[in-house]
Amino acid sequence: MTPIQYSALFVAVCAVAACAQPGVAPQPSSDEDRLEQRFQRLDANGDGFVIWKEAAPLRARDFRHMDSNKDRAITQAEYTAALPFAVFDQNADGAISREEFLATHHRMFMRFDADADQRISFLEFATAQRAAGR
Numbered sequence: 017m018t019p020i021q022y023s024a025l026f027v028a029v030c031a032v033a034a035c036a037q038p039g040v041a042p043q044p045s046s047d048e049d050r051l052e053q054r055f056q057r058l059d060a061n062g063d064g065f066v067i068w069k070e071a072a073p074l075r076a077r078d079f080r081h082m083d084s085n086k087d088r089a090i091t092q093a094e095y096t097a098a099l100p101f102a103v104f105d106q107n108a109d110g111a112i113s114r115e116e117f118l119a120t121h122h123r124m125f126m127r128f129d130a131d132a133d134q135r136i137s138f139l140e141f142a143t144a145q146r147a148a149g150r
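In the working numbering, each residue carries its 1-based index in the sequence shown increased by 16.
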């Protein structure tokens, strides 16, 4: 995948996670406000950064929701998100295991950690969002 494709993939993942959080937030008034709200939903401890430990539980929850027959694998039929199935199905067996799902998300997460500090700042998050046209 190209960096732009990873940007779009990462943004889609973050957007899904941010929108899936419980509670009803007021409608933001600008693009910057929307970015800030998405980021705050991902930043579980409110320190201004998203670390993999905060993102991983959201990804695991997404996996459980997508695995409708609860066989611990996501088939192509179960996969309804906008992300390419083949990116996740690393061993090309026609199913995405939990391990493949989380490993792919972890790689995407780390790719957008521009300063390699193991966390994504709002600036890094906003840069990824904008690169994907969001």
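Using N, Cα and C, we set each Cβ at its ideal position, and we do this for glycine too.
As the structure is a prediction and not an experimental result, all values here were calculated from the model.
- According to the DSSP assignment, residue 144 belongs to the alpha helix (DSSP H) that extends over 138–147.
- Nearest to residue 136 by C-alpha distance, out of 46, 60, 62, 66, is 66.
- Scanning 46, 64, 130, 78 for the CA closest to the CA of residue 112 turns up 78.
- Residue state for residue 135 is assigned as strand, using DSSP reduced to three classes.
- The DSSP assignment places complete alpha helix (DSSP H) segments of no fewer than 4 residues inside the segment 76–110 at 101–104, in order along the chain.
- Taking C-beta separations shorter than 8 Å and ignoring five residues to either side along the sequence, the partners of residue 96 in its chain run 82, following chain order.
- Three or more Cβ pairs drawn from the segment 125–135 and the segment 66–76 lie within less than 8 Å of each other, which places the two stretches in contact.
- The C-beta distance from residue 121 to residue 75 rounds to 5 Å, short enough to fall under 8 Å.
- Closest by C-alpha distance to residue 89, out of 106, 114, 50, 49, is 114.
- A direct Cα-Cα distance of roughly 7 Å separates residue 128 from residue 140.
- Taking a 10 Å sphere around the C-beta of residue 130, we find fewer than 16 other C-beta atoms and assign the residue as exposed.
- Within its own chain, the residues whose Cβ lies closer than 6 Å to the Cβ of residue 60, once the five positions on either side in sequence are excluded, are 70, listed in chain order.
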